[in-house]
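Trainee: The structure that follows is given in the form of structure tokens.
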Amino acid sequence: MSYELIVGLETHVELSTKTKIFCSCPTSFGDSPNSNCCPVCLGFPGALPRLNRAVVEYAVKAGLATDCKIGRVSKMDRKNYVYPDLPKAYQISQFDRPLCYDGGMDLSSGNRIRINRIHIEEDAGKLIHTAQGVCIDYNRGGTPLIEIVTEPDFRSIEEVREYVENLRLIMRYLDVSDCKMQEGSMRCDVNISVRRKGETRFGTRTELKNMNSISFICKAIEVEYQRQIDEIEHGRPIVQETRRYVESGNYTESMRGKEDSQDYRYFREPDLPLVNVSDAEVEALAAALPELPRAKLNRYVDDFGINEKEARQIVRYPALAKYFEAMAEGVNPRQAANVMLTYVFRCFETDEQKEEGCVPVAAEELNRVLRYAAEGKLNQNALKKVVDTMLKEGKGFDAIFTLEQFQAPEIDLSALCKGIVSDNPKIVSSYLGGAEKAIGALIGQAMKATKGAVDPAAIRAAILAAIEEVRA
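Heads up: the sequence shown is residues 521 to 992, going by the numbering used here.
Right, here's the structure in full:
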């Protein structure tokens with residue numbers, strides 16, 4: 521009997537504000553343990569929180585970019601549970617009145633993933649397991665998060681992969697988070713159940729916590745999906761629980777019983793006022809949204825004429841997409857895309873380096889090269905050599921192009937082509953008689969005479985002009 525996979529995601533995105541959500545401690549990653557803490561984020565008695573307004577703005581931007589409605593009045597709540605990395609024994613979050621709600625994302629499968637809500641909350645500290653025991657670093661405690669909660673609308677692992685990739689890219693284009701999954705600034709809780717095909721009721725779900733890579737998420741879903749099917753086939757009930765994925769053995773194991781919302785005893789945070797967002801603020805944030813990945817991809821394909829596969833490679837990296845647009849200003853965008861993918865991308869060894877987008881040469885310098893080529897001052901072979909040398913040596917156009925090996929000789933192209941046309945009346949006659957390929961012989965002679973230093977398109981244009989004079 522065949523089974524259907526049902527998945528819902530809860531994605532935590534760490535916001536890139538300079539300070540924490542309820543205090544002025546910095547949010548920098550990698551500092552020495554417990555160096556970015558204060559009485560507020562450590563939960564000392566009497567220390568009162570104050571909401572960082574930038575967190576609200578970042579969350580509203582995320583909501584607008586994922587087609588959410590924005591709550592004009594929302595509230596903060598206490599989520600009560602006991603864990604060593606939570607010093608107050610409660611987390612300040614949002615429960616029944618989130619900041620953003622009723623959004624969605626359309627996937628290439630045609631399925632629309634409904635986003636139930638996006639709410640703001642504080643992160644917990646971090647447990648560090650050592651040979652001597654478990655240590656706690658509270659630097660992360662109080663770091664602002666948005667939690668993006670979907671409905672259980674995923675029906676395949678590929679849909680999950682596409683959604684997470686798209687969501688990560690949107691957040692990076694918005695510049696609300698760096699979404700470095702390896703550093704924990706984006707992580708997913710995955711809720712999984714299975715049911716026999718044709719059934720309408722959901723099965724009992726399990727949750728896989730804190731998945732911090734896309735490949736990890738996909739592997740874990742496949743393993744848990746097969747485990748649940750095996751349990752059902754052997755007549756064993758699925759237990760609602762939280763599980764972890766063990767990559768080394770490719771299996772999931774139980775961590776603890778799965779809580780429901782009533783287990784957290786939510787109640788309104790008494791130390792914080794309601795969160796108000798005005799119509800004017802929403803309109804201003806909507807007007808300031810950047811071009812999002814899907815719109816950029818469509819523009820590259822429809823307006824620039826770049827094929828979709830190449831366009832996706834560029835759009836995938838926001839910093840490099842910005843670089844590409846500066847490089848392509850006023851020149852053939854398809855040629856710029858070719859230079860980008862063939863030469864610029866070769867400067868990077870890893871995806872992380874591409875995401876940083878630190879190219880050794882300014883985009884405006886490569887734009888100058890492309891403009892020279894468009895004006896016929898550089899042929900394709902010379903263009904490739906110039907670009908390659910600039911990127912390898914990290915030097916600008918002037919420093920490289922002054923080298924004799926790249927300079928085009930002084931050639932009166934018009935006079936040269938007129939001479940070739942005059943010396944080859946039979947070929948010209950053949951061309952005028954309808955043998956259009958005959959012009960290739962004339963272009964070849966000009967290429968040989970210029971030693972490949974002039975762009976073939978410029979030579980062709982000059983030959984045609986000379987033939988028109990003969991015809992006249």
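The C-beta atom is built at its ideal place from N, Cα and C for all residues, glycine as well. Owing to the predicted nature of the structure, the values given are computational and were not obtained by experimental measurement.
The beta strand (DSSP E) with Ser942 in it runs from where to where?
Mentor: Note, Ser942: premise wrong, no beta strand (DSSP E); alpha helix (DSSP H) at Leu933 to Asp943.
Trainee: Within 10 Å of its beta-carbon, does Val575 have 16 or more other beta-carbons around it, so buried, or fewer, so exposed?
Mentor: Buried, by the Cβ-count rule.
Trainee: Who are the Cβ neighbours of Thr537 in its own chain at under 8 Å, not counting the five residues just before and after it?
Mentor: Cβ within range, chain order: Thr547, Asn572, Ala574, Val575, Tyr578 and Pro664.
Trainee: What are the boundary residues of the alpha helix (DSSP H) that Gln833 is part of?
Mentor: Glu828 to Val835 is the span of the alpha helix (DSSP H), which, as asked, contains Gln833.
Trainee: Out of Val696, Pro880 and Gly550, state which residue places its alpha-carbon closest to the alpha-carbon of Gln702.
Mentor: Nearest option by C-alpha distance: Gly550.
Trainee: Identify, in the order they occur along the chain, each residue of the same chain with its Cβ nearer than 7 Å to the Cβ of Glu924, setting aside the five sequence neighbours on each side.
Mentor: Confidence is the limiting factor: at Glu924 the pLDDT is only 49, short of 50, which leaves the residue's position unreliable, though a coordinate-based value still follows. For Glu924, where only same-chain residues beyond five positions count, there are no Cβ hits under 7 Å.
Trainee: DSSP three-state label for Val560, please.
Mentor: Note: Val560 maps to coil in three-state DSSP.
Trainee: Name the residue from Pro790, Ala740 and Arg756 whose alpha carbon lies nearest to the alpha carbon of Ser1006.
Mentor: Because the chain spans 521 through 992 in this model, residue 1006 falls outside it and cannot be assessed.
Trainee: Just mark Gly662 as buried or exposed, buried being the case when its beta carbon has 16 or more other beta carbons within 10 Å.
Mentor: Buried, because 16 or more other Cβ atoms sit within 10 Å of the Cβ of Gly662.
Trainee: What number of angstroms, rounded off, separates the C-alpha of Asn554 from the C-alpha of Tyr658?
Mentor: If you take the alpha carbons of Asn554 and Tyr658, they lie about 5 Å apart.
Trainee: Between Glu761, Ile737 and Phe736, which lies nearest to Gln748 when the distance is taken from Cα to Cα?
Mentor: Among Glu761, Ile737 and Phe736, the Cα nearest to that of Gln748 is on Glu761.
Trainee: Hey, how far is the Cα of Thr539 from the Cα of Cys561?
Mentor: The alpha-carbon atoms of Thr539 and Cys561 are separated by roughly 11 Å.
Trainee: Give me the Cα-Cα distance between Glu811 and Ile826, rounded to the nearest whole angstrom.
Mentor: Rounded to whole angstroms, Glu811 to Ile826 spans 18 Å at the Cα level.
Trainee: For Thr650, which beta-bridge partners are listed by DSSP?
Mentor: Partner(s): Gly653.
Trainee: Which of helix, strand or coil does DSSP assign to Pro664?
Mentor: Looking at Pro664 - three-state DSSP - the assignment turns out to be strand.
Trainee: Would Ile493 and Thr726 be called neighbours here (beta carbons separated by less than 8 Å)?
Mentor: Because the chain spans 521 through 992 in this model, residue 493 falls outside it and cannot be assessed.
Trainee: Could you check what DSSP says for Met596 in three-state terms: helix, strand or coil?
Mentor: Residue state, collapsed to three classes: coil.
Trainee: Using only CA atoms, which one of Ala582, Gly630, Gly777 and Ser594 lies nearest to Gly623?
Mentor: Measuring from the Cα of Gly623, the nearest candidate turns out to be Ala582.
Trainee: On the DSSP letters alone, give me the boundaries of the beta strand (DSSP E) that Asp551 sits inside.
Mentor: Asp551 -> no beta strand (DSSP E), and no H or E assigned at all.
Trainee: Using alpha carbons as the reference points, say which of Lys829, Asp673 and Asn818 lies closest to Asn631.
Mentor: It is Asp673 whose Cα lies nearest to the Cα of Asn631.
Trainee: Out of Asp975, Val941, Ala958 and Gly953, which has the shortest C-alpha to C-alpha gap to Ile983?
Mentor: Measuring from the Cα of Ile983, the nearest candidate turns out to be Val941.
Trainee: The beta strand (DSSP E) that contains Val527, what's its start and end?
Mentor: Looking at the DSSP string, the run of the beta strand (DSSP E) that includes Val527 is Tyr523 to Glu534.
Trainee: Grouping DSSP H, G and I as helix and E and B as strand, with all else coil, what is Gln873?
Mentor: The answer is helix: DSSP assigns Gln873 an H, G or I state.
Trainee: Could you tell me which residues DSSP puts in a beta bridge with Tyr765?
Mentor: Tyr765 is bridged to Thr772.
Trainee: Pull up the distance between the alpha-carbon of Gly718 and that of Cys878, whole angstroms please.
Mentor: In a straight line, the C-alpha of Gly718 is about 51 Å away from that of Cys878.
Trainee: Based on DSSP bridge pairs, tell me the residues matched to Lys589.
Mentor: Paired residue(s): Tyr621.
Trainee: Identify which residue in Val821, Glu678, Val593 and Leu817 has its Cα closest to the Cα of Val835.
Mentor: Per the Cα distances, Leu817.
Trainee: Which residue comes first and which comes last in the alpha helix (DSSP H) that contains Tyr892?
Mentor: Segment Ala883 to Ala894, the alpha helix (DSSP H) holding Tyr892.
Trainee: Does the Cβ-Cβ distance between Leu584 and Ala806 come in under 8 Å?
Mentor: Yes, these two residues count as a Cβ contact at 8 Å.
Trainee: By DSSP, does Phe517 sit in helix, in strand, or in coil?
Mentor: A question about residue 517 goes unanswered here, because the residues of the chain that appear run from 521 up to 992.
Trainee: In the DSSP output, what is Pro546 paired with across the bridge?
Mentor: DSSP, once it has assigned bridges, lists Thr539 as partnering Pro546.
Trainee: Going by DSSP in three states, Ser629 sits in which element: helix, strand or coil?
Mentor: Correct three-state label for Ser629: coil.
Trainee: Ordered along the chain, which non-local residues of its own chain (more than five positions away) have a Cβ less than 8 Å from that of Ala985?
Mentor: Hits under 8 Å: Ser934 and Cys937.
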